[in-house]
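Visitor:
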Amino acid sequence: MYAQMIKTARSGVKTREEMTEQERAFQDKIDADIKIEPRDWMPDDYRATLIRQIGQHAHSEVVGQLPEGNWITRAPTLERKAILLAKVQDEAGHGLYLYSAAETLGESRDELVRLLHEGRMKYSSIFNYPTLNWADIGAVGWLVDGAAIVNQVALQRTSYGPYARAMVRICKEESFHARQGYHAMMKMALGSPEQRKMAQDALNRLWFPAMMMFGPHDSESTHSEQSMAWKIKVKSNDELRQQFVDQTIPQIEYLGLELPEPGIKWNEDRGHYDFSDPDWSEFMDVLRGNGPCNVDRMNARRKAWDDGEWVRDGLLEHARKKAARAVAAE
Amino acid sequence: MVRDDFLFEYLLRLGDNTLILGHRVSEWCGHAPVLEEDIALANTALDMIGQTQMWLGLAAEVEGKGRNADALAFTRDVWDFRNLLLVEMPNGDFGQTLMRQFLFDAFHSILLGRLMTSSDTRIAGIAAKASKEVSYHLERSAETVVGLGDGTEQSHERMQAALDYLWPYVGEAFIGDTVDAEMVAAGIAPDPASLRAEFDEIVTRVFAEATLKLPESRFAHKGGKTGNFHTEHLGHLISTLQWLQRAYPGCTW
Amino acid sequence: MSNEWPLWEVFIRGQHGLSHRHVGSLHAPDADMAIKNARDVYTRRNEGVSIWVVEARHIAATAPGDKGPLFEPSESKVYRHPTFFDIPDEVGHM
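Protein chains in written order, with the numbering used here: chain A, 24 to 353; chain B, 12 to 264; chain C, 42 to 135.
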């Protein structure tokens, strides 16, 4: 998802007998759905895993501004431009809320940003794919935000209070994102032949990357068990992926677009859609930095940060001068 | 009664200013120095896009040729644009963007204040809504100009350079022509020259606080609001802005 | 010295008559900019009529270990709650 392949800082779940008394009390709270708050005692591994997960989630929001931002200046109407700008602005806001949640764990935003820029933290693989035609903007809102919200709705119940509250706020704001994307897709799919071509192209290109957002199969995902026990992760990768496919196929059919891959079929016995696996070797390549846009995305983020340094320093220096003058005047 | 073609021309000036500057500011989305500024710039751009929809919407109505705000924004060529040269100047660094914003906000807020008492109630109505938004823009851009001007040595130098670069594009806003004279006569809009004293008062105060030196020259590049002579920058901006509408005309988006 | 802008906590009054409520945090160089940033970040959807900001380091808080001594004593003072008292219906609303 926006936080993929988060390595839990410990392998294997401790049994009750292996836990210290403090750890047992902690696990009891989690089992009773009592939220963990910043100043509460927590295992170091819980803290470290959360910082990694929330940080990666925050980075994804901020890097995620770039593929959609790519079309703000080319939006085809004033209204679409306003909608897209408001949406991408929301992503910046969501990044900010999430960095704030991570800061309650004692990790500063600047430090997290530094780790991202040094390549020591990741963001979601999906944002390493390009937006090549205007329908991609509709498809990103519909599929990518649609996939994200499946996960984020579940995360509103996560055990760490500040993370859960950030998710509540984010889900409330996100509700318009998927809808505006689908609405834009409708205009395209039901529009001129060229618009229809753009819509189909966007769906075909973004389908598998969207599937990958949920991360590898549960059987391959070695770090989930402890995160599930801690309720940092609430539903498994495969559960969430299936839920997303089931809700999305009827939406594709309504648009009258062709299904993006031949493996999609209703399975009467399971009561779910079957679908093909994405190319997991491509997924691993993207995670290793070899996606179509990895280098450009990171260059853009580093440039924004480096170019902004004099601004951040300048405004801070002014605040210090102002404070010093106020003291001197007293 | 004022002739519709003069009124149309005047409304284009209002709408094109916000269209072009809103576009410029939106270019920052995802690239600002810090998340809080990224979000604030997007708010400013969103306000200006909203104002554009109102001004160009009214312009299209006055023109009476069945066009709408989108048709005006997306299918006119450079020579049809009536924005001030100031707003089409490139973003440059963050300091240049904020300096351009402050100079425009100062002019814009004074103008909108006068337009609120326009004899044309449609214009007065739009101005009343826009004026609230622009008062905040001015507060924010002025505070940032002060902060960066009176910040570090480097931020001070960059802000002075931005001011020196943009200053020759300020004077155009206060030069009247036939269209302005028609508006004044009909009680629709103020004489641009009459806004200058208040503008000078604001910029003098803010630049003093920002420890920036106001350039002495009052030389003014002009041609934007009359459409006679835009900069080279505008053509690139509108080729991006208009690309989809030009490549796939007649579609619904 | 770190050049990260200080962290501020943001409190917003959602409607006239309500208390200010904590909505989140942000970074800003000083209080004036913190208020402006709060306006831009936390009232994008018309959420507020008044904003408070306070630098995070100035907030004093109870420690989690104080939870027992600080809050549990009030649990036993049930007589502070109106439902503790049975008033006959005939008396009317009270």
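Quick reminder that beta carbons are idealized off the backbone N, C-alpha and C, glycines included.
Distance, Cα to Cα, residue 313 of chain A vs residue 147 of chain A?
Guide: Their backbone Cα atoms lie some 13 Å apart in a straight line.
Visitor: Given this structure, state the Cα-to-Cα distance separating residue 46 of chain A from residue 66 of chain A, to the nearest angstrom.
Guide: The straight-line gap from Cα to Cα measures roughly 7 Å.
Visitor: Give the secondary structure of residue 184 of chain C by DSSP, where H, G and I count as helix, E and B as strand, and everything else as coil.
Guide: Since the first residue of chain C shown is 42 and the last is 135, residue 184 of chain C is not available in this structure.
Visitor: Taking the beta carbon of residue 184 of chain B as the centre, do at least 16 other beta carbons fall within 10 Å, making it buried, or is it exposed?
Guide: Buried, because 16 or more other Cβ atoms sit within 10 Å of the Cβ of residue 184 of chain B.
Visitor: Roughly how many angstroms separate the alpha carbons of residue 191 of chain A and residue 113 of chain A, rounded to a whole number?
Guide: Those two C-alpha atoms are separated by around 14 Å.
Visitor: Taking 7 Å as the CB-CB limit, is residue 163 of chain A close to chain B?
Guide: Residue 163 of chain A does not count as touching chain B.
Visitor: Quick one, which residues of the region 301-335 of chain A are near chain B if we go by CB-CB under 9 Å, in chain order?
Guide: So the list reads 323, 324, 326, 327, 328, 330, 331, 332, 333, 334, 335, given in the order they occur along the chain.
Visitor: Return the residue from the list B:206, B:55, B:21 that minimises the CA-CA distance to residue 146 of chain B.
Guide: Residue B:55 is the option with its Cα nearest to residue 146 of chain B.
Visitor: Counting beta carbon pairs with one atom in the region 63-78 of chain B and one in the region 124-132 of chain A, are three or more of them shorter than 8 Å?
Guide: Touching, no.
Visitor: Out of A:186, A:208, A:143, point me to the one whose CA is closest to residue 166 of chain A's CA.
Guide: It is A:208.
Visitor: Check residue 335 of chain A in the structure and name its three-state DSSP category.
Guide: If DSSP states are grouped into helix, strand and coil, residue 335 of chain A belongs with the helices.
Visitor: Tell me the DSSP secondary structure of residue 157 of chain A in three-state form.
Guide: If DSSP states are grouped into helix, strand and coil, residue 157 of chain A belongs with coil.
Visitor: Is the region 184-200 of chain A touching the region 339-348 of chain A in the sense that three or more CB pairs, one from each, lie closer than 8 Å?
Guide: Contact between the region 339-348 of chain A and the region 184-200 of chain A is absent, because fewer than three Cβ pairs lie under 8 Å.
Visitor: State the beta-bridge partners of residue 290 of chain A as determined by DSSP.
Guide: Residue 290 of chain A pairs with A:295.
Visitor: Indicate the three-state DSSP secondary structure (helix, strand or coil) for residue 62 of chain C in the structure shown.
Guide: DSSP places residue 62 of chain C in strand when its eight states are reduced to three.
Visitor: From residue 352 of chain A to residue 216 of chain B, what does the alpha carbon distance come to, in whole angstroms?
Guide: Rounded to the nearest angstrom, the two C-alpha atoms are 21 Å apart.
Visitor: At least one CB of chain B closer than 7 Å to the CB of residue 238 of chain A: is that the case?
Guide: Chain B contact via Cβ: absent.
Visitor: In whole angstroms, what separates the C-alpha of residue 236 of chain B from that of residue 99 of chain B?
Guide: Approximately 11 Å, taken between the alpha carbons.
Visitor: Starting from residue 196 of chain A, trace the alpha helix (DSSP H) both ways and give me its first and last residue.
Guide: Where residue 196 of chain A is concerned, the enclosing alpha helix (DSSP H) stretches over 184-212.
Visitor: DSSP state of residue 139 of chain C, grouped into three classes?
Guide: Past the edges of chain C, shown from 42 to 135, lies residue 139 of chain C, and the structure says nothing about it.
Visitor: Reducing DSSP to helix, strand and coil, say where residue 134 of chain C ends up.
Guide: Here residue 134 of chain C sits in coil by DSSP.
Visitor: Residue 115 of chain B and residue 206 of chain B look like a contact to me (Cβ under 8 Å); what is the Cβ gap, rounded to whole Å?
Guide: That belief does not hold up - the Cβ atoms of residue 115 of chain B and residue 206 of chain B are roughly 13 Å apart, past 8 Å.
Visitor: When DSSP labels each residue in this structure, what does residue 95 of chain B get in the three-state scheme?
Guide: Residue state, collapsed to three classes: coil.
Visitor: Anyone know if the C-beta pair for residue 140 of chain A and residue 325 of chain A falls short of 7 Å?
Guide: Yes, Cβ-Cβ distance for residue 140 of chain A and residue 325 of chain A is below 7 Å.
Visitor: Out of A:43, A:100, A:58, which has the shortest C-alpha to C-alpha gap to residue 256 of chain B?
Guide: When each option's Cα is compared against that of residue 256 of chain B, the closest is A:100.
Visitor: Does the Cβ of residue 289 of chain A have 16 or more other Cβ atoms within 10 Å, making it buried, or fewer, making it exposed?
Guide: So residue 289 of chain A counts as exposed.
Visitor: For residue 67 of chain C, which residues in chain B fall below 7 Å Cβ to Cβ?
Guide: Result: 47.
Visitor: What does residue 38 of chain B reach in chain A if we use C-beta pairs closer than 8 Å?
Guide: 95, 96, listed in chain order.
Visitor: Which residues, taken in chain order from the region 134-156 of chain B, show a beta carbon closer than 9 Å to some beta carbon of chain C?
Guide: Of all residues in the region 134-156 of chain B, 147, 150, 151, 154, 155 have a Cβ within less than 9 Å of some Cβ in chain C.
Visitor: To the nearest angstrom, how far is it from the Cα of residue 183 of chain A to the Cα of residue 78 of chain A?
Guide: Taking the straight line from one Cα to the other gives about 14 Å.
Visitor: Over what stretch of residues does the alpha helix (DSSP H) that includes residue 61 of chain B continue unbroken?
Guide: Here the alpha helix (DSSP H) through residue 61 of chain B covers 46-74.
Visitor: Look at the Cβ atom of residue 29 of chain B, then the Cβ atom of residue 64 of chain B, and state whether they are nearer than 7 Å.
Guide: For residue 29 of chain B and residue 64 of chain B, no; Cβs fall outside 7 Å.
Visitor: Closer than 7 Å, CB to CB, is residue 103 of chain A near chain B or not?
Guide: Yes, its Cβ sits closer than 7 Å to a Cβ of chain B.
Visitor: Ordered along the chain, which non-local residues of its own chain (more than five positions away) have a Cβ less than 6 Å from that of residue 139 of chain B?
Guide: Taken in chain order, the residues that qualify are 127.
Visitor: Note down the Cα distance separating residue 197 of chain A from residue 110 of chain A, rounded to an integer number of angstroms.
Guide: So the alpha carbons of these two residues sit roughly 8 Å apart.
Visitor: Looking at chain A, which residues of the region 158-171 of chain B have a Cβ within less than 7 Å of any of its Cβ atoms?
Guide: Under the 7 Å Cβ criterion, the region 158-171 of chain B contributes 158, 159, 161, 162, 163, 165, 166, 169.
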